[in-house]
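Encoded as structure tokens, the structure appears first; notes follow it.
Residue numbers (our numbering): 121 to 333.
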């Protein structure tokens with residue numbers, strides 16, 4: 121886990137990827153590329169006028185995280201106009217809003233929350249217990265709860281401004297529902313030109329891994 125390393129240890133690591141050359145299986149190591157701090161990224165992006173999504177994946181030090189985020193917003197006021205903090209975990213968003221109501225927040229949600237939770241945990245050294253995996257009633261309740269938090273009523277309860285919805289779940293009806301409730305909808309991860317153009321025509325924001333021309 122990233123949280124097991126100190127900031128200094130993370131910055132000693134270098135970006136590595138498999139070479140795209142078919143003639144060799146060696147790894148390309150970019151000695152100049154390192155893991156930047158959030159503050160370094162914020163400084164770098166300030167003159168670009170790009171909008172920033174700060175995705176928060178904290179689970180153990182939520183209070184400390186919220187203090188750091190608040191300090192960064194106070195230090196770099198442009199963030200209030202050009203960024204928002206998003207998370208799958210409502211506790212992160214609640215902690216941030218508790219400190220600073222000016223910070224825009226977005227709830228990232230999926231249709232089958234527990235399935236994703238189980239699949240992600242299976243890739244780590246701490247998989248989810250079989251007792252939970254086989255408790256279909258509890259999983260159904262949790263799935264419905266997390267999906268409800270992404271509805272207009274749930275977002276307003278959390279004080280969230282943005283609904284971050286998976287691209288496989290988006291449709292015209294949902295777009296209309298969020299627009300009628302004056303909520304911003306950001307769809308992830310939109311990596312096809314066809315879907316991008318459709319969402320653009322509906323005036324919906326997108327989150328993508330692709331640099332579209």
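Every residue gets a Cβ at the ideal spot worked out from N, C-alpha and C, and that includes glycine.
Note that the coordinates shown come from a computational prediction; the quantities given were computed from them, not determined experimentally.
When beta bridges are read from the DSSP output, residue 284 appears opposite 228 and 306. In this structure, residue 215 lies near residue 183, with their beta-carbon atoms less than 8 Å apart. Apart from sequence neighbours up to five positions away, the residues of its chain that approach residue 180 with a beta-carbon distance below 7 Å are 123, ordered along the chain. Under the three-pair Cβ rule at 8 Å, the region 318-333 does not count as touching the region 258-277. Under the three-state reduction of DSSP, residue 173 is assigned to strand. If you look at residue 189, you'll find it in the alpha helix (DSSP H) that goes 182-195. Remark: C-beta atoms of residue 328 and residue 304 do not approach each other more closely than 8 Å.
Checking the DSSP bridge columns, you'll see residue 206 partnered with 175 and 226.
DSSP places residue 325 within a strand segment (E or B) once states are collapsed to three. For residue 278, the enclosing alpha helix (DSSP H) stretches over residues 272-278.
Using a C-beta cut-off of 8 Å, the region 289-297 makes no contact with the region 246-262, since fewer than three inter-stretch Cβ pairs fall below that distance.
Residue range 158-165 is occupied by the alpha helix (DSSP H) that includes residue 160.
Judged by DSSP secondary structure, residue 239 falls within the alpha helix (DSSP H) whose first and last residues are 233-242. Counting along the chain, the unbroken alpha helix (DSSP H) around residue 250 starts and ends at 250-253.
By the criterion of a C-beta distance shorter than 8 Å, residue 273 is surrounded by no residue of its chain, once the five residues flanking it on both sides are discounted.
Residue 290 carries a coil assignment under DSSP once its states are collapsed to helix, strand and coil. Taking C-beta separations shorter than 6 Å and ignoring five residues to either side along the sequence, the partners of residue 211 in its chain run 182, following chain order. Here the alpha carbon of residue 176 sits roughly 19 Å from the alpha carbon of residue 234. Residue 193 has its alpha-carbon roughly 27 Å from the corresponding atom of residue 301. The shortest CA-to-CA distance from residue 133 to any of 154, 125 and 196 is the one to 154. With a cutoff of 8 Å on beta-carbon distance, residue 166 and residue 196 are scored as near each other.
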